[in-house]
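Undergrad:
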Amino acid sequence: MTRALENPSRRRLLAAAGSLTMVFTIGPAWSQDETPLNKGKLPGSLEKEPWLDAWIRIDADNRVTVFTGKAELGQGIKTALLQVAAEELQVAPGRITLVTADTARTPNEGYTAGSHSMQDSGTALRHAAAQMRTVLAGLAARRFGIGAPAMTSRDGVFQAPDGRRATYGELLAGQQLHLKVDPSLPVRAPAGHTIAGKALQRVDIPAKVTGGPAYVQDLRLPGMVHGRVVRPPTPGARLLEVDMAAVARLPGVLKVVRDGRFLAVIADGEYRAVKAAAALARVARWDLPPTLPADTRPAPMVRAWPAKSNPILERGVPGSAGRSFTASYTKPFQLHASIGPSCAVAQLVKGQFTVWTHSQGVYPLRDALAELLGVDKAAIRCIHTEGSGCYGHNAADDVAADAVLLARAWPGKPVRVQWMREDEHGWEPFGPAMLTGVRATLDGAGKIVDWQYDVWSPPHNTRPGKAGNLLAATHLDKPFKPDTPTPSPQPEGSGDRNAIPYYVLPNARVVHQFQDTIPLRSSALRSLGAYCNVFSIESFMDELAQAAGVDPLAFRMRNLADPRAVEVVRTAAKKFGWDGYRKTPRRGRGFAFARYKNLAAFCAIALEVEVARETGMVRITRAVAAVDCGEVVNPDGVRNQIEGGIIQSASWTLLERVRFDERQILTRDWAQYPILRFNQVPERIEVDLIDRPGQPFLGTGEASQGPTAAAIANAIADACGLRLRDLPLDRARLRAGR
Amino acid sequence: MDRATRTRTPKRRTRLIVLALIVVSALIGWIIMWRPAIDAQATLPAFDQASIARGQRLAAIGTCAACHTVDPSRPYAGGRALATPFGTVHSTNITPDARTGIGQWSEAAFTRAMREGVSRDGHLLYPAFPYDHYTHLAQDEIRSLYAYFMTRPALDAPAQKNDMTFPFGLRPLVAFWNILYLKRDPWQPSAGQSAEWNRGAYLSDNLAHCTACHTPRTRLGGTDFKRHLDGGEAEGWYVPALNEHNPSPIPWTREHLAEYLRTGIAPDHAVAGGPMQATVENLRLADPADVEAIATYIHSYLAKAPQRQTRAGMPGSLPVPAADDPDLARMQLGHAVYANSCARCHEVGREATSGAALPLQKAVALYDPDPRSLIHIVRDGISPPDGEPARWMPAFGAILSDDQTGALAAYLRRYGAGQPQWTHIEDAVKKARQP
Amino acid sequence: MTTYHLRVNGRDHAVDTDPDTPLLYVLRNDLGLNGAKFGCGLGQCGACTVTLGGESVMSCLVPVSVVGERPVGTVEGLGTAQAPGALQQAFIAEQAAQCGYCIAGMMMRAQSLLEKNPKPSDAEIRKHMMPNLCRCGTHMRILRAVRRAADALPAKGAKA
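Those protein sequence lines, which keep their order, are chains X, Y and A. Numbering of the first sequence is given in our numbering, commencing with residue 1 and proceeding in unit increments. Numbering of the second sequence is given in our numbering, commencing with residue 739 and proceeding in unit increments. Numbering of the third sequence is given in our numbering, commencing with residue 1174 and proceeding in unit increments.
Here it is, written out as structure tokens:
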């Protein structure tokens, strides 16, 4: 266990509780399919944190505290986890306080990413809460001297038939259950669920609509001062000279900091810090060598970067006879573009750093900051405090590094660092540019008898862990070097996520061309490689279907074996009205399907677009999504995520591209990097959830991005005959027709 | 006839003559005003791709979409309200919809509309549609435009009601306007000018109809041919003169003008704003060689503007008002507005972010003969077309009061441009609030 | 530093600050109000939207020195978590938020529409909301929430 125990001298109820765990043995109830990856391991995050009292504690006054190492990113995970715990504990959700990612208080669940939260934390909490209730029931039964089935319970209180009552808190009497969680204990049957799987309003929304403090940006601590960093004007810039003295004399400026080409100001007021930073930028002189690609067209640019060939699928025999087709698809660099630029507060008091951060991984961040500062990990506490949606590895960790550096320069007081919009657009780790190439052979009957797919991709994971992955660390006088990224293995993958189609392909080869070094920083953007790979594969499936003279849906169904996949495809088609669709001028329909990572949620999307070639305008008139994510804990949360994913992906697909020249990033604000506005949001979106009670939770946060992109491309092709393979499908491209 | 009868005849004769004159005038007027309908065309002819492609490029030069496209999802469906001194006109649907567009128009009907401003059914079009410029187009160009428009997707969009000031709404009266201002004599190139200049002149004066805005109009709304490119007004904006009276504080080079026409921006010059924005959006889709030709032609007039010493060359912040300024209170208010609202962006100089913008001493709006364009820019901002990247100046209309806006304009005129003060700034601010 | 007298959500405040300080920072840092948020500081995203004299404005663009006597309205003036106003109730009922960062700005953008036009069409709502960005893709719910709030208003309109 890595976290500091708050109460090391707990009494252990091991013996008493242990004797009770034998009572209930209704078969194994592992909450995830056993796969070669997790065979023999505890389910979910229990493998990393098996102790029950790390997850749930109940005070003597019957207040329940649930701990999760996951973080609320706006995906509603706090509410969903609350529902899981409340369901198994059989208490009202309002009785529970949920503590999220804090290196001093919660389990280490790594990153909140990859749509793992329900699978990791939800699973662990489900078992921990189930066990806790079992233990409590046993304690109550013993206290009442009756059999457990004779008791009733309601919201944390057991009651005997004669009216005697005992609260959970009274039963534990201030002790905590230092037991290893036993996942073989039964969990509540989904048919009897009253909290999980039901609509529950999100616990964080009321504060957000009434101006209550909700974000790290809202933190106000006593004596807090404000920092702003002046970033170099270009990625390759070298600082020649800077007159710091003039800036130090500006009103409110407390300190001007320089370490190498890391430049910052600390001021007593926020806007004064903003102005001082602008003044500091004006007096800095830089050398600006060209360090970025001269040719920014994605295909030649990506192809030019060195790649290591990494085969991830080799099945059957190549070279079958038939008609062969090839295609190549590209995606540009794209931004997370969080609405609230990244922010962190850090304070150094008596050698202890406290950092309030919206990082997706407080534990890895802590390790990186410790290396950056040259201090012990124990000297740093990272507390997750919600930021605006991050959609992956944005600048949250970078700003935390800025904050600790400035806290070290101004010890004692909390230092708040807020990135400006230009900082976020210019310096966040980008979603990488990618290139795919596919070749497939159809036999006389229109079946796919050969499949060859290559995906060239820069890194999708340069998250800290290592200090060199923090932006400021690379600008210091003694800079840290970024880690050399390695590809994540399948089935998760990184650039090769979803590069293996979910279709049945008897002869197939898939190669991940991993590119570990490129002139720009790239990292995880929601769905990682899945967005480009599903775009490519599902566009190509349509192209093949057309070549085979078959309806695109029928073509896919021929090659899908998994009945759950078949059902989402059928459901989406039915709800869209695919079979009865009447094509009208300027409009067309498109379809796409994927199972995220080939092991998470299933998502099929059918949509209709209206295309105006003269202006290049594409409008989505309606979109229908069918989703299977196993057992649904919070249906509304899933719908929100899928709908949001469709709209976000529509924005990436129709509009978004980071532009740069040889020296600098050109897309520094919303004017230069437009995203979807209300006028272009689809007219209607419908999400159908196929609930599968008892099936493992499957992550949904990233399931709709890839299929949306392909469905749009396919619909445009249907609407006006234009088959576009290079993202974004923006107005200029629609006007030009290529 | 007896003597008594003969003494009453002169009065009656006068009445008869007057009546005859009225009838004859009405007859002549009717002959002038009436146009026959041209038969509806039931089926579309075939068009070849080359003609259509050419028509597309010509339509870009003609900036047809600037008036006829309101919603980018519905190109050429019309419905744009154009405020004129004679009332508000709405553009019509020029997609080939049979019922609400030009779907039943033959090439002859299309040509007559382009050259004479007459609709297929014979009613006269208001000269807000610049047929008095298109009238000089070569027939093969009209044919290509016809091919392009008749092959656009048909959209259902009925014409909207116009709101004209009496009597200017009476369409037959336009016939008299045409007598005065519709010059049908063929366009002639200028001997002694290059082929590119002449191509630019042909495009600019006719298809691109630059003079429709950039040349002043008479009281009756016709082009004042004697004052070619001497400036004008459009939709409440001042339209700059492009001749020796051009207000730009920094002289235009031909290259920068061409860049501006294609992209809406050139170094050291303000971005295209107001009605010019739509023009640039269209020109960027035109044949680049044609845009270069227009630049060559227009620049030959711009180059006549004398070199002036202006504040544009003076770097740095705009100054604090002089203590002896006769209008000190207003100047101090204007300076405060400038320093607190504008300087944050406009004193940085133009960089990639819109938060670093052109220093205002270089902004042409400050040098215009009246403050209308400046006031519109401040109130409405300049924003990119939907979903397309460009620079963005935010709108301050709801942020600054009328007093603050007027004071800002006055301050910028004196301390930004160093030019003689504008009159009637407050009236212009009030007028800009009206839709 | 100058003292400015502001009327925010119906209450008077005296604030000592520099004249060029944007209203956004005054609301957040001097008055402790969280609703208006920093999104871009350029007037392009609307996260900072408040009402000024009944009009929706980007508070990041409003220097405190131009506000004068015009009343400022923020989301805190619409209601509290314990007693949410009609617009807030609509957003809660529709669960119209994912990360929620844009939502206060969305509400103050919608507020000026509902005060002027209590029965807007769906197209009018969409058009009115355009200056505000949402990156999570909560647009459909935001539109439904504004629709819901409008439907709940009496025809003559009232402050939500």
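Every residue, glycine too, gets a C-beta built ideally from N, C-alpha and C.
Mind reading off the beta-carbon distance from T326/X to P298/X? Whole number of angstroms is fine, and I expect it under 8 angstroms.
TA: That belief does not hold up - the Cβ atoms of T326/X and P298/X are roughly 18 angstroms apart, past 8 angstroms.
Undergrad: Just mark K478/X as buried or exposed, buried being the case when its beta carbon has 16 or more other beta carbons within 10 Å.
TA: Flag for K478/X reads exposed.
Undergrad: Excluding the five sequence neighbours on either side, which residues of its own chain have a C-beta within less than 7 angstroms of the C-beta of L967/Y, listed in chain order?
TA: Hits under 7 angstroms: T949, H952, T953, A979, L980, N981, Y1039.
Undergrad: Between R208/X and chain A, is the shortest Cβ-Cβ distance under 8 angstroms, so that the two count as touching?
TA: The sequence given here places Lys at residue 208/X; Arg does not occur at that position. Closer than 8 angstroms to some Cβ of chain A, the Cβ of K208/X qualifies, so yes.
Undergrad: Within 10 angstroms of its Cβ, does I917/Y collect 16 or more other Cβ (buried), or is it exposed?
TA: Classification for I917/Y: exposed.
Undergrad: Please confirm if the stretch 1296-1311 of chain A is in contact with the stretch 233-241 of chain X, defined as three or more CB-CB distances below 8 angstroms between the two stretches.
TA: Touching, no, given that fewer than three Cβ pairs across the two stretches are closer than 8 angstroms.
Undergrad: Taking C-beta pairs closer than 9 angstroms, name the residues in chain A that S388/X reaches, listed in chain order.
TA: Near S388/X (Cβ distances below 9 angstroms), the residues of chain A are K1210, G1212, A1220, C1272, G1273, Y1274, C1275, R1308, C1309.
Undergrad: How about Y271/X: is its C-beta nearer than 8 angstroms to some C-beta of chain A?
TA: Closer than 8 angstroms to some Cβ of chain A, the Cβ of Y271/X qualifies, so yes.
Undergrad: Could you tell me which chain X residues have their CB closer than 7 angstroms to the CB of D1141/Y, listed as they occur along the chain?
TA: In chain order: nothing, as chain X lies at least about 25 angstroms away.
Undergrad: Per DSSP, which one or two residues make a beta bridge with D1185/A?
TA: R1180/A, per the DSSP bridge assignment.
Undergrad: With a threshold of 8 angstroms between beta carbons, is L1225/A in contact with chain Y?
TA: For L1225/A, the answer is yes, since a Cβ of chain Y falls inside 8 angstroms of its Cβ.
Undergrad: At a cut of 8 angstroms, does the stretch 1265-1284 of chain A reach the stretch 635-644 of chain X through at least three beta carbon pairs?
TA: Result yes; three or more Cβ-Cβ pairs closer than 8 angstroms.
Undergrad: Give me the DSSP bridge partner(s) of C343/X.
TA: Note: C343/X sits in a beta bridge opposite Q418/X.
Undergrad: How many angstroms separate the CA atom of F904/Y from the CA atom of A1024/Y?
TA: F904/Y and A1024/Y: Cα-Cα distance of roughly 39 angstroms.
Undergrad: Starting from V355/X, trace the beta strand (DSSP E) in both directions and tell me its first and last residue.
TA: Residues 352-357.
Undergrad: Would you call T25/X buried or exposed, if buried means 16 or more other Cβ atoms sit within 10 Å of its Cβ?
TA: Annotation note: pLDDT 23 at T25/X (below 50); position unreliable, coordinate value reported separately. T25/X is exposed by the Cβ-count criterion.
Undergrad: Assign L945/Y to one of two classes, buried (16 or more other C-beta atoms within 10 Å of its C-beta) or exposed (fewer than that).
TA: Buried: at least 16 other Cβ atoms inside 10 Å.
Undergrad: Spatial neighbours of R10/X within its chain, please: CB distance less than 8 angstroms, with the 5 preceding and 5 following residues excluded, ordered by chain position.
TA: Residue confidence is low: R10/X scores 35 on pLDDT, short of 50, so the model does not pin down where it sits. Its coordinate-derived value is still stated next. Answer for R10/X: D53, Q175, Q176, H178, listed in chain order.
Undergrad: Quick one: using the 10 Å Cβ neighbour count with 16 as the cut-off for buried, is I642/X buried or exposed?
TA: With 16 or more other Cβ atoms within 10 Å, it is buried.
Undergrad: Buried or exposed, going by whether 16 or more other CB atoms sit within 10 Å of the CB of I1163/Y?
TA: I1163/Y should be labelled buried.
Undergrad: Which partner residues does Y329/X have in the DSSP bridge list?
TA: BP columns for Y329/X point to T436/X.
Undergrad: Please classify P28/X: does DSSP put it in a helix, a strand, or coil?
TA: In this prediction, P28/X has a pLDDT of 27, which is less than 50 and means its spatial position is unreliable; what the coordinates show is noted afterwards. If DSSP states are grouped into helix, strand and coil, P28/X belongs with coil.
Undergrad: Check whether the Cβ atoms of A71/X and T112/X lie closer than 8 angstroms to each other.
TA: Yes, the Cβ-Cβ distance between A71/X and T112/X is below 8 angstroms.
Undergrad: Count the other C-beta atoms from every protein chain shown that fall within 10 angstroms of the C-beta of R521/X, then say buried if there are 16 or more, exposed otherwise.
TA: Burial call: buried.
Undergrad: On the CB-based measure, 16 or more other CB atoms within 10 Å of its CB, does A758/Y come out buried or exposed?
TA: A758/Y should be labelled exposed.
Undergrad: Under a CB-based cut-off of 8 angstroms, is G1330/A close to chain Y?
TA: Only weak support exists for where G1330/A lies, its pLDDT of 48 falling under 50; the value from the coordinates is given anyway. No, no contact with chain Y.
Undergrad: Can you name, in chain order, every residue of its own chain whose Cβ lies under 8 angstroms from the Cβ of P786/X, other than the five neighbours on each side?
TA: Residue coverage of chain X in this structure runs from 1 to 738, which leaves residue 786/X outside it and unanswerable.
Undergrad: Per DSSP, which one or two residues make a beta bridge with W975/Y?
TA: Paired residue(s): A972/Y.
Undergrad: Measure the alpha-carbon distance for R890/Y versus I712/X and round it to whole angstroms.
TA: Roughly 22 angstroms separates the two Cα atoms.
Undergrad: Could you run through the stretch 795-823 of chain Y and flag, in chain order, every residue whose CB is less than 8 angstroms away from some CB of chain X?
TA: Those would be A803, T807, P810, S811, R812, P813, Y814, in chain order.
Undergrad: Out of G694/X, F430/X, D542/X, R497/X, which one is the CA nearest neighbour of R659/X?
TA: Measuring from the Cα of R659/X, the nearest candidate turns out to be F430/X.
Undergrad: Is the CB-CB distance between F602/X and V568/X below 8 angstroms?
TA: Their beta carbons are under 8 angstroms apart, which means F602/X touches V568/X by this criterion.
Undergrad: Going by DSSP, which residues form a beta bridge with D901/Y?
TA: Its beta-bridge partners are T826/Y.
Undergrad: Is DSSP giving Y453/X helix, strand or coil here?
TA: Reduced to three states, the DSSP call for Y453/X is strand.
Undergrad: Please decide whether Y215/X counts as near chain A, where near means a Cβ-Cβ distance under 8 angstroms.
TA: Judged by the 8 angstroms Cβ criterion, Y215/X is in contact with chain A.
Undergrad: Return the residues of the stretch 841-853 of chain Y that lie within a Cβ-Cβ distance of less than 8 angstroms from chain A, sorted by chain order.
TA: Answer set for the stretch 841-853 of chain Y: empty.
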